[in-house]
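Read in order, the letters of the sequence shown are residues 3 to 56 in the numbering used here.
Backbone N, C-alpha and C fix where the C-beta goes; we use that ideal spot for every residue, glycine too.
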Amino acid sequence: MEKYNEVANELIEIVCPKCRFTKIIHFPKEKLPICPKCGTKMAIKELLDEGKSY
3 MEKYNEVANE LIEIVCPKCR FTKIIHFPKE KLPICPKCGT KMAIKELLDE
53 GKSY
């Protein structure tokens, strides 16, 4: 059950595919919203983990 709680508090960056408006939300606590600028359903751009490896 720990893994589920760990994922439940994950931050993700979402982006509007039409106008490129971006926002950061908690996933899956919040549903993917509709873009406030153009009304299109937003899509996941990136999972925001603690660190990145390039």
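- By the neighbour-count criterion, in which 16 or more other beta carbons inside 10 Å mark a residue as buried, C40 falls on the exposed side.
- In the DSSP annotation of this structure, the continuous segment of the beta strand (DSSP E) that includes I14 starts and ends at 11-17.
- For K25, the CB contacts under 6 Å within the same chain, skipping 5 residues up- and downstream, are I16 in chain order.
- In the structure shown, L34 adopts coil according to DSSP, grouped into three states.
- When DSSP states are grouped into helix, strand and coil, K20 belongs to the coil group.
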